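To start, the structure under review is shown below, and the notes come after it.
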Amino acid sequence: MSESGFPIKPVYGSGDLPADLEQRLATPGEYPYTRGVYPTMYTSRPWTMRQYAGFGTAAESNARYHELLAHGTAGLSVAFDLPTQMGYDSDDPIAQGEVGKVGVAIDSIEDMRRLFDGIPLDRVSTSMTINAPGSVLLLLYQLVAEERGIAGDALSGTIQNDILKEYIARGTYIFPPKPSLRLVADTFAYCRAEIPRWNTISISGYHMAEAGATPVQEIAFTLANGVQYVRAALDAGLAVDDFAPRLSFFFVARTTLLEEVAKFRAARRMWARLMREEFGAKNPKSWMLRFHTQTAGVQLTAQQPEVNLVRVAVQGLGAVLGGTQSLHTNSYDEAIALPSAKAARLALRTQQVLAHETDLTSTVDPFAGSYAVEAMTDEIERAATALMGRVAGFGSAVDAIEAGFQKREIESAAYRVAQQIETGERVVVGVNRFTVDAEEPYEPLRVDPSIGAEQAARLKTLRAERDTPAVDAALAALRTAAEGAENVLYPMREALRARATVGEVCAALREVWGRYQPVDRF
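Numbering follows the working numbering, in which position 216 of the sequence shown is assigned residue number 216; successive positions increment by one, without gaps.
As structure tokens, then:
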């Protein structure tokens, strides 16, 4: 049985393939992109190798970035701590005990300067895993580049900026859905004018998968959210081909390699049809589902952690065979603590082995025509399309979220998996089979608990030195924009330039838009 619930046959044959297989496959780089979004894929250059990193202070994370770049990382991926993700400054009482724990603490433009000190922002692609305050962090990044004389059109990267999946699976939301969607649409418009090479959203299935979503649920709910974002941008007056080429996606890669390859191929085909047939996009780049992949953190185990190296290699292989545009491979010790420097380096080396010691980069879509993979691709597409129809039956993805539909479906899937592991029906090596009597000792990386006090001291100095009337005026202008219909990113940028903090900017928007309070419908 597959992760998604359909049976996997012991033997597949030509009878399992559709009669129009050649039409469905097309040529790599051509609609509907089943075989990949680019004609040559990795035969011309490999995927972008990213490593997700960020912990403690901006200076500590900066040192890790320099180390990763020195070892061959082609793109950076920034993890932010929970207070930053929720729009609170490090000295806010609610941030106590969480500063720098699961990512780097960024309170102001000064922290952003330290985070990217010595890093060539016009030559490095940067992905920022930030959602509710995604526009705030992007503007800080742009302001730091501007200080160095780097124009917005020289910057490349991605902000996750996917607020809908936060309501479904993750919980780091700030504002209610409607103003959140407005902020997403404002970011689309701002980047088109100011940072044209930037991917304005990474519509994420990864976090839903980490919460327990099956592969079918992952792509169905992710693409349904994508449809919602497209409609929000259209409602804001944007033309589809003005923003759709900068949309990107973020998926997980599990150890179930064949189903994962089929999932990626089905998702590309489904998105291409949606954009061309439902939204009438004319630009082929608007039809392309370009995506980043991260290996499945939820499948890593604290027991026998070195076995995670094997899991990550298999997961990374699935992502590459599925045609990802960039990849982060998890470190083997992430089920225990923040990754050590050695573990992060080994994770990067895993990608380098796949790219340079195998023949994966010699041909495009090596599974094309495979009886098993083609049949699975069709099976996943059918099931995901039907599930998207159930979401649409609520009216929209937001309506389904407010009814608790996606959350309920994912939790049911997660419960089934937990039961299977408990009974031994699903084997997890080192956990319910092939265990050892005693684990080898491991010394995890720990974040200095004094970081919160250090950040608070920096904020106190910042507030004492800045032009307070200028900050107050800039925040007032931001509130006025939020009350009206103008793009809020322009006054937001000026507030940040005046050295307003992330928390102050988010607080100004909370005053106008309110804070989202989920309704328990279970």
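The beta-carbon is built from N, C-alpha and C at its ideal position, and this holds for glycine as well. Computed from a predicted structure; not experimentally measured.
Euclidean distance between Cα positions of residue i and residue j
i	j	result
residue 101	residue 332	18 Å
residue 325	residue 463	42 Å
residue 117	residue 265	39 Å
residue 557	residue 486	The chain is shown from 1 up to 522; residue 557 falls before or after that span and cannot be answered.
residue 204	residue 444	29 Å
residue 249	residue 290	6 Å
residue 509	residue 137	15 Å
residue 351	residue 323	14 Å
residue 308	residue 158	28 Å
residue 139	residue 38	31 Å
residue 2	residue 430	22 Å
residue 98	residue 57	12 Å
residue 8	residue 317	20 Å
residue 419	residue 428	13 Å
residue 196	residue 189	10 Å
residue 405	residue 90	35 Å
residue 238	residue 129	25 Å
residue 143	residue 120	14 Å
residue 33	residue 194	30 Å
residue 522	residue 5	Low confidence applies here, because residue 522 scores a pLDDT of 45, under 50, leaving its location unreliable and the question unanswered by this model.
residue 84	residue 278	37 Å
residue 465	residue 455	15 Å
residue 511	residue 480	11 Å
residue 75	residue 412	36 Å
Within 8 Å, strictly: CB atoms of residue i and residue j
i	j	result
residue 503	residue 111	no
residue 474	residue 491	yes
residue 285	residue 245	yes
residue 168	residue 251	no
residue 391	residue 224	yes
residue 356	residue 127	no
residue 173	residue 132	yes
residue 229	residue 294	no
residue 365	residue 24	no
residue 170	residue 243	no
residue 384	residue 261	no
residue 184	residue 232	yes
residue 125	residue 27	no
residue 247	residue 201	yes
residue 43	residue 358	no
residue 484	residue 176	no
residue 314	residue 255	yes
residue 471	residue 478	no
residue 467	residue 498	yes
Beta carbon proximity, residue i to chain B, threshold 8 Å
i	result
residue 475	Within the model displayed, chain B is absent; a lone protein chain is all it includes.
Three-state class that DSSP yields for residue i in the structure shown
i	result
residue 75	strand
residue 199	strand
residue 8	coil
residue 252	strand
residue 51	strand
residue 247	strand
residue 488	coil
residue 80	strand
residue 389	helix
residue 238	coil
residue 497	helix
residue 56	strand
residue 362	helix
residue 184	helix
residue 522	Legend: pLDDT at residue 522 = 45, less than 50; position of this residue unreliable, value from coordinates given subsequently. If DSSP states are grouped into helix, strand and coil, residue 522 belongs with coil.
residue 445	strand
residue 204	strand
residue 396	coil
residue 17	coil
residue 502	helix
residue 370	coil
residue 433	strand
residue 61	helix
residue 510	helix
residue 412	helix
beta-carbon residue i near the ligand ZN non-hydrogen atom, thresh 7 Å
i	result
residue 10	The model depicted lacks the ligand ZN and carries no ligand whatsoever.
Would the region 200-217 and the region 286-305 be scored as touching if the rule is three or more Cβ pairs under 8 Å? yes
Check whether the region 370-379 and the region 55-70 touch, using three or more Cβ-Cβ pairs below 8 Å as the test. no
Quick check: the region 177-192 against the region 157-165, are at least 3 beta-carbon pairs closer than 8 Å? Contact holds: three or more Cβ-Cβ distances are below 8 Å.
Going along the chain, which unbroken runs of the alpha helix (DSSP H) with 4 or more residues stay wholly within the region 96-161? 109-115 and 134-147
Any contact of the region 423-437 with the region 65-78, i.e. 3+ C-beta pairs under 8 Å? Because the criterion of three Cβ pairs below 8 Å is not met, the region 423-437 and the region 65-78 do not touch.
Count the C-beta pairs between the region 358-377 and the region 3-13 that are closer than 8 Å, then say yes if the count reaches three, no if not. yes
Within 8 Å, do at least three Cβ pairs link the region 49-60 to the region 339-350? yes
Beta strand (DSSP E) segments (min. 3 residues) lying fully within the region 257-321: Those beta strand (DSSP E) runs which fall completely within the region 257-321 and span 3+ residues are 291-295.
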